[in-house]
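Report on the following structure.
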Amino acid sequence: MRWAHDISAALPTNGPPQLRDESGIDTVVLHCTAMPDWNVWDTARYHTGPNHISPDGCPTIAYAYFIEPDGLIYKCLPHSVRAWHVGPWNDRSLGVCLAYEAGEAPPPAPQSAAAVDVCLMLTRQLGLPPDRVLGHRELEGTGYTVEDGNPVLRKECPGLAIDMPGFRAAVALAREYPEHHAVEVI
Ligand SMILES: [Zn+2]
0 MRWAHDISAA LPTNGPPQLR DESGIDTVVL HCTAMPDWNV WDTARYHTGP NHISPDGCPT
60 IAYAYFIEPD GLIYKCLPHS VRAWHVGPWN DRSLGVCLAY EAGEAPPPAP QSAAAVDVCL
120 MLTRQLGLPP DRVLGHRELE GTGYTVEDGN PVLRKECPGL AIDMPGFRAA VALAREYPEH
180 HAVEVI
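So the sequence shown is numbered by numbering that gives the first Met the number 0: it starts at 0 and just counts up by one.
Here's what the structure looks like:
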């Protein structure tokens, strides 16, 4: 059993959050911080202040879940909050962010394993198949655009060292052993 520590009431915000109908969520999006040593507090302060997404700051941290390199998991937002992480997909998705700089090495094993378990928890809660777990770079309109019929990558997020088909296969495998991959939000 893993624990996801709910710190949603403690994180900084910037005005009221945008709310949405949770029944419309059909996608879980994997992200990375792409910054050295940023933790969940650094990330929330960045998002709620002037940033690359909005000069006025976003209402909340962009991610619903955040995972440290050692596998420590934070829940950052209720699923009813529409966070600003993937542009045209914000209404219908939840973000899971790794504190990971996205170099040539993949994330540490404890962090990857925790990410699989969080994505398993979310796909089970939301009634989604594992193929609805996508990397940010896989989302059209934010991760890539189509120009002259060809995809043009705009983002490498969550890092090119993360093989997304392999990650989805790990989530699918974990579904067969849910008792070994349980996450409880506390
Ligand atoms: Zn991202």
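Every residue, glycine too, gets a C-beta built ideally from N, C-alpha and C.
From the DSSP output, read off the bridge partner residues of residue i.
{"i": "ALA8", "result": "None; ALA8 has no bridge partner."}
{"i": "PHE65", "result": "TYR73, CYS96"}
{"i": "TRP2", "result": "GLU183"}
{"i": "VAL170", "result": "According to DSSP, VAL170 bridges with nothing at all."}
{"i": "GLY134", "result": "LEU29"}
{"i": "LEU159", "result": "Beta-bridge pairing links LEU159 to no other residue."}
{"i": "VAL80", "result": "LEU18"}
Which same chain residues, not among the five before or five after residue i, have their C-beta less than 6 Å away from its C-beta?
{"i": "ALA3", "result": "ILE72, LYS74, VAL182, VAL184"}
{"i": "GLY70", "result": "PRO109, GLN110, ALA113"}
{"i": "PRO87", "result": "GLY140"}
Along the chain, where does the alpha helix (DSSP H) that runs through residue i open and close?
{"i": "THR141", "result": "Taken as a continuous stretch (DSSP letters only), THR141 belongs to no alpha helix (DSSP H), as it is neither H nor E."}
{"i": "THR122", "result": "108 to 125"}
{"i": "THR47", "result": "39 to 47"}
May I ask which residues mark the beginning and end of the beta strand (DSSP E) holding residue i?
{"i": "PRO150", "result": "149 to 152"}
In chain order, what residues of the same chain have a beta carbon less than 7 Å from the beta carbon of residue i, not counting five sequence neighbours either side?
{"i": "ARG136", "result": "GLY142, TYR143, LEU152, LYS154, GLU155, CYS156"}
{"i": "CYS31", "result": "CYS96, LEU97, TYR99, ALA101, CYS156, PRO157, GLY158"}
{"i": "ARG19", "result": "SER79, ARG81, ASP90"}
{"i": "ALA169", "result": "VAL115"}
{"i": "SER203", "result": "The first residue shown for the chain is 0 and the last is 185, placing residue 203 beyond what the model contains."}
Only counting the same chain, and skipping five residues up and downstream in sequence, which positions put a Cβ closer than 8 Å to that of residue i?
{"i": "GLU103", "result": "ALA160"}
{"i": "HIS78", "result": "GLU21, ILE24, ALA63, LEU93"}
{"i": "ARG44", "result": "PRO11"}
{"i": "SER53", "result": "TRP83"}
Between residue i and ligand 2, is there a pair consisting of the residue's CB and a ligand heavy atom that are separated by less than 7 Å?
{"i": "PRO35", "result": "No copy of ligand 2 appears in this structure; the ligands present are ligand 1."}
Exercise for the section: Output the residues surrounding ligand 1, defined as those with a CB atom closer than 5 Å to any ligand heavy atom, in chain order. Expected result: HIS30, HIS135, CYS156
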